[in-house]
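K.L.:
What follows is a single structure, and I will ask about it in a moment.
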Amino acid sequence: MPFFFRCRRKKWDYANLPATSVIITFHNEARSTLLRTVVSVLNRSPEHLIKEIILVDDFSDNPRDGEELSKIQKIRVIRNDKREGLMRSRVKGADAAKASVLTFLDSHCECNVNWLEPLLERVALDPTRVVCPVIDVISMDTFQYIGASADLRGGFDWNLVFKWEYLSYAERESRHRDPTQAIRTPMIAGGLFVIDKKYFDKLGKYDMQMDVWGGENLEISFRVWQCGGSLEIIPCSRVGHVFRKRHPYTFPGGSGNVFAKNTRRAAEVWMDEYKHFYYASVPLAKNIPYGDISERLKLRNELQCKPFKWYLQNVYPELAIPHSTTSHTGELRQGIFCLDTMGHLLDGYVALYQCHHTGGNQEWSLTSTGLIKHHDLCLTLPNYMKGVQIVMRICDGSESQKWHRIEPGGLLRHSKYPVCLDSRSTDIRGITAERCSSASDSQKWQLTNSS
Ligand code: LR7
Ligand code: MN
873 MPFFFRCRRK
883 KWDYANLPAT
893 SVIITFHNEA
903 RSTLLRTVVS
913 VLNRSPEHLI
923 KEIILVDDFS
933 DNPRDGEELS
943 KIQKIRVIRN
953 DKREGLMRSR
963 VKGADAAKAS
973 VLTFLDSHCE
983 CNVNWLEPLL
993 ERVALDPTRV
1003 VCPVIDVISM
1013 DTFQYIGASA
1023 DLRGGFDWNL
1033 VFKWEYLSYA
1043 ERESRHRDPT
1053 QAIRTPMIAG
1063 GLFVIDKKYF
1073 DKLGKYDMQM
1083 DVWGGENLEI
1093 SFRVWQCGGS
1103 LEIIPCSRVG
1113 HVFRKRHPYT
1123 FPGGSGNVFA
1133 KNTRRAAEVW
1143 MDEYKHFYYA
1153 SVPLAKNIPY
1163 GDISERLKLR
1173 NELQCKPFKW
1183 YLQNVYPELA
1193 IPHSTTSHTG
1203 ELRQGIFCLD
1213 TMGHLLDGYV
1223 ALYQCHHTGG
1233 NQEWSLTSTG
1243 LIKHHDLCLT
1253 LPNYMKGVQI
1263 VMRICDGSES
1273 QKWHRIEPGG
1283 LLRHSKYPVC
1293 LDSRSTDIRG
1303 ITAERCSSAS
1313 DSQKWQLTNS
1323 S
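For any residue, its number in my numbering is found by taking its place in the sequence shown, counting from 1, and adding 872.
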């Protein structure tokens, strides 16, 4: 039986479902989409389950946008007197909420039939569940409602950008046996979810030092899982959302910077040593200041949350850990100078250049198999001759590409021949292979994490 029949046949224990406060923050949202959102909440939810709709106007240019809506039943409008961003705005809404369960929505949604009941049921049964609907698509061009696949969950790569991913074969099989069952998700999209209010408070709401947009979904996802809760997508609940190509609002601080700052705060608080994979993937992030995180670290400690390693093993084992668990990525340094590709590619030589600490051409990894890699290129000894220029070639694991470190000093010696990487001719011919000597400073390399 198709799953929408299975969902339709479900009966809800209305008497025992808790009422909810719906919280919608907006900044310069179009009036039509804002209205569509609140009207769909009121029309598509059992009356007694909506305690109120709290609209937080995040200092939109025109205060009338919100004021007009406050005439509608159950709607309360709170207006910020300066731009706060969606995180602090949501917390304001949550603090003002009177119901025991919070429902967050973006300001351009359409709730579908019976969207609310399955969400409230899950949270009523276990208040440590944080639950989301399946997010359908409202076309940006025609505003048409288009159903999305329910065989998806939320995930991310080491760049820490949210992405949808298909369920595994085993999960799809199990869903086909019972299409109404909840889908555990490593990450939530962020905008549409239901959470018990006491649990939201206990878990630390949101990081109040995150600004505007971005990263808070990553942070709350790690926090919920690591601190004992769970995240679910409930396939019988569907809400449409207008997916936009650009932010229709200004981004004080610049969108890239703000996103990196917020993401760094999440990574620094929750990811332990795994944060280095993020910095390896987005080297520019290392230059963005992220402020004081001591409050959030204290929270993590007080709640006795589990390490990120636990999250990776138990919640998101599908996220491949870069093989640099057995290798080390960073800079190869001599004082203030770093090994640099100089923008050269295949067959090019490498040289020393002043360290800039942003990865890029100065990013190297030493693998457990002895390669010195920059992306797909490996430092290669083209032939055995003292003074020969080292070049970059496609990594093929051949003997000419194998090196090992010798301590003390951090010399990088070829695995077969007694020559070491040497910077004495850096200005003319780049790095060359010279007879190893622990007395020459031009052969001493420090491998440092550029973060
Ligand atoms: O400064 C701001 N103040 C605000 O109140 C900036 C934004 N906002 C409001 C905005 O008006 C909107 O109602 O915050 C809400 C979210 O902003 P969007 O709609 O521009 O965000 P988005 O839909 O592009 O982004 C997703 O990721 C965000 C990361 O910060 C938030 O978590 C969004 O809620 C989230 N949206 C969804 O999860 C819907 C599904 C999209 C997907 C995938
Ligand atoms: Mn949105």
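Positions of the beta carbon are idealized from the N, C-alpha and C atoms, including for glycine.
My assumption, with CB atoms under 8 Å, is that LEU1039 sits in contact with ASP1029. Please give the rounded CB distance.
P.N.:
Taking the sequence shown and counting its residues from 1, the one referred to as residue 1039 is at position 167. Taking the sequence shown and counting its residues from 1, the one referred to as residue 1029 is at position 157. LEU1039 to ASP1029, Cβ: 17 Å. No contact.
K.L.:
Under three-state DSSP, which class holds ASP1212?
P.N.:
The residue labelled residue 1212 in the question sits at position 340 within the sequence shown. Reduced to three states, the DSSP call for ASP1212 is strand.
K.L.:
Work out the CA separation of GLY1128 and SER979 for me, nearest whole Å.
P.N.:
Walking along the sequence shown from the start, residue 979 turns up at place 107. Walking along the sequence shown from the start, residue 1128 turns up at place 256. Cα to Cα, SER979 sits roughly 23 Å from GLY1128.
K.L.:
Output the boundary residues of the alpha helix (DSSP H) element that contains ARG908.
P.N.:
Here the question's residue 908 lines up with position 36 in the sequence shown. First-last of the alpha helix (DSSP H) with ARG908: 903–915.
K.L.:
Given TRP1036, which residues of its chain have a CB within under 6 Å of its CB, disregarding the five upstream and five downstream residues?
P.N.:
Residue 1036 sits at position 164 when you count from the first residue of the sequence shown. LEU1024, listed in sequence order.
K.L.:
Report the rounded CA-to-CA distance for PHE1180 versus PHE931, giving the unit in angstroms.
P.N.:
Taking the first residue of the sequence shown as position 1, residue 1180 is located at position 308. Taking the first residue of the sequence shown as position 1, residue 931 is located at position 59. Cα to Cα, PHE1180 sits roughly 36 Å from PHE931.
K.L.:
Which ranges would you report for the beta strand (DSSP E) in the region 958–1002 if only whole runs of at least 3 residues count?
P.N.:
973–977, 981–983
K.L.:
Can you determine whether any heavy atom of the ligand MN sits closer than 8 Å to the C-beta of VAL1114, and answer yes or no?
P.N.:
Residue 1114 sits at position 242 when you count from the first residue of the sequence shown. True, at least one ligand heavy atom lies under 8 Å from that Cβ.
K.L.:
Can the beta-carbon of VAL949 be found less than 9 Å from the beta-carbon of LEU927?
P.N.:
What you label residue 949 is simply residue 77 of the sequence shown in a count that begins at 1. What you label residue 927 is simply residue 55 of the sequence shown in a count that begins at 1. Yes, the pair counts as a contact, with Cβ atoms nearer than the cut-off.
K.L.:
Please determine if the region 1217–1227 and the region 1292–1302 are in contact, where contact requires at least 3 C-beta pairs separated by less than 8 Å.
P.N.:
yes
K.L.:
Using a Cβ distance threshold of 8 Å, determine whether the region 987–1004 contacts the region 936–954, with at least three qualifying pairs required.
P.N.:
no
K.L.:
Where TYR1188 and GLU940 are concerned, what is the direct C-alpha to C-alpha distance, given to the nearest angstrom?
P.N.:
Residue 1188 sits at position 316 when you count from the first residue of the sequence shown. Residue 940 sits at position 68 when you count from the first residue of the sequence shown. Within the model, the alpha-carbon separation for TYR1188 versus GLU940 is close to 45 Å.
K.L.:
Between the C-alpha atoms of LYS943 and VAL1006, what's the straight-line distance to the nearest angstrom?
P.N.:
The residue given as residue 943 occupies position 71 in the sequence shown. The residue given as residue 1006 occupies position 134 in the sequence shown. Taking the straight line joining both Cα atoms gives about 30 Å.
K.L.:
Considering only residues of the region 1025–1059, which uninterrupted beta strand (DSSP E) runs meet the minimum length of 3 residues and lie entirely inside it, listed in chain order?
P.N.:
1034–1038
K.L.:
What is the DSSP secondary structure of ILE1266, reduced to helix, strand or coil?
P.N.:
Along the sequence shown, read from residue 1 onward, the residue named residue 1266 stands at position 394. In the structure shown, ILE1266 sits in a strand (DSSP, three-state: E or B).
K.L.:
By the DSSP assignment, the alpha helix (DSSP H) with PHE1180 in it spans what residues?
P.N.:
On the sequence shown, position 308 is the one that residue 1180 refers to. Residues 1180–1186.
K.L.:
Between the C-alpha atoms of THR1057 and LYS1258, what's the straight-line distance to the nearest angstrom?
P.N.:
For the purposes of this step, residue 1057 is taken as the residue at position 185 of the sequence shown. For the purposes of this step, residue 1258 is taken as the residue at position 386 of the sequence shown. Taking the straight line from one Cα to the other gives about 56 Å.
K.L.:
Is ILE947 near GLU924, with beta carbons less than 9 Å apart?
P.N.:
Here residue 947 is taken as the residue at index 75 of the sequence shown, counted from 1. Here residue 924 is taken as the residue at index 52 of the sequence shown, counted from 1. Result yes, Cβ atoms of ILE947 and GLU924 sit closer than 9 Å.
K.L.:
Any heavy atom of the ligand MN within a distance shorter than 8 Å of the CB on HIS899?
P.N.:
Locating residue 899 in the sequence shown gives position 27, counting from the first residue. Checking the Cβ of HIS899 against the ligand MN gives no.
K.L.:
Under DSSP, the alpha helix (DSSP H) around LEU1169 begins and ends at which residues?
P.N.:
The residue you call residue 1169 lines up with position 297 of the sequence shown. Residues 1166–1174.
K.L.:
Can you tell me which of ILE895, ASN1255, PHE1115 puts its alpha carbon nearest to the alpha carbon of MET959?
P.N.:
The count along the sequence shown starts at 1 and reaches residue 959 at position 87. Here the closest residue by C-alpha is ILE895.
K.L.:
Look up GLN1081 in the DSSP assignment and say whether it is helix, strand or coil.
P.N.:
Residue mapping note: residue 1081 aligns to position 209 of the sequence shown, counting from 1. Of the three classes helix, strand and coil, the one that applies to GLN1081 here is coil, per DSSP.
K.L.:
In chain order, what residues of the same chain have a beta carbon less than 8 Å from the beta carbon of LYS1117, not counting five sequence neighbours either side?
P.N.:
Start at 1 with the first residue of the sequence shown, and residue 1117 comes out as number 245. If we look at LYS1117 and ignore the five residues flanking it on each side, its Cβ neighbours are MET1012.
K.L.:
Straight-line CA distance for ILE1165 to CYS1292?
P.N.:
Here the question's residue 1165 lines up with position 293 in the sequence shown. Here the question's residue 1292 lines up with position 420 in the sequence shown. Roughly 43 Å separates the two Cα atoms.
K.L.:
Within 8 Å: the Cβ of GLY1063 and any heavy atom of the ligand MN?
P.N.:
Mapped onto the sequence shown, residue 1063 falls at position 191. Yes - the ligand MN has a heavy atom lying nearer than 8 Å to the Cβ of GLY1063.
K.L.:
Can ASP978 be considered in contact with the ligand MN, in the sense that its beta carbon sits closer than 8 Å to one or more heavy atoms?
P.N.:
Here residue 978 corresponds to residue number 106 of the sequence shown, with the count starting at 1. Correct: ASP978 has its Cβ closer than 8 Å to the ligand MN.
K.L.:
Any idea what DSSP makes of LYS1226, helix, strand or coil?
P.N.:
On the sequence shown, residue 1226 is found 354 positions in, with the first residue counted as 1. One point to set straight first is that residue 1226 is Gln, not Lys, in the sequence displayed. Here GLN1226 sits in strand by DSSP.
K.L.:
With DSSP run on the structure shown, which of helix, strand or coil describes CYS1308?
P.N.:
Looking up residue 1308 in the sequence shown gives position 436. In this structure, CYS1308 counts as coil in the three-state DSSP scheme.
K.L.:
Starting from THR1135, follow the alpha helix (DSSP H) in both directions and report where the run begins and ends.
P.N.:
Position 263 of the sequence shown holds residue 1135. Per DSSP, THR1135 belongs to the alpha helix (DSSP H) from 1127–1142.
K.L.:
Mind checking LYS1069: buried by the 16 CB within 10 Å criterion, or exposed?
P.N.:
Position 197 of the sequence shown, counting from 1, holds the residue named residue 1069. It counts as buried.
K.L.:
In whole angstroms, what separates the C-alpha of PHE1034 from that of GLY1281?
P.N.:
Against the sequence shown, residue 1034 aligns to sequence position 162. Against the sequence shown, residue 1281 aligns to sequence position 409. Looking at the two C-alpha atoms, the distance is approximately 42 Å.
K.L.:
May I have the straight-line CA-CA distance separating GLY1329 from ASP998, to the nearest angstrom?
P.N.:
Lying outside 873 to 1323, the shown extent of the chain, residue 1329 is not represented and no answer is given.
K.L.:
Classify PRO1155 as helix, strand or coil using the three-state DSSP reduction.
P.N.:
Position 283 of the sequence shown holds residue 1155. Of the three classes helix, strand and coil, the one that applies to PRO1155 here is helix, per DSSP.
K.L.:
Among residues of its own chain, excluding the 5 on either side of THR1014, which ones have a beta-carbon nearer than 6 Å to its beta-carbon?
P.N.:
As a first step, residue 1014 must be located in the sequence shown, where it is residue number 142. Within the same chain, THR1014 has no close Cβ partners at all.
K.L.:
Using 8 Å as the cut-off, can you tell me whether the region 1060–1069 makes contact with the region 960–976, which would need three or more C-beta pairs spanning the two stretches below that distance?
P.N.:
yes
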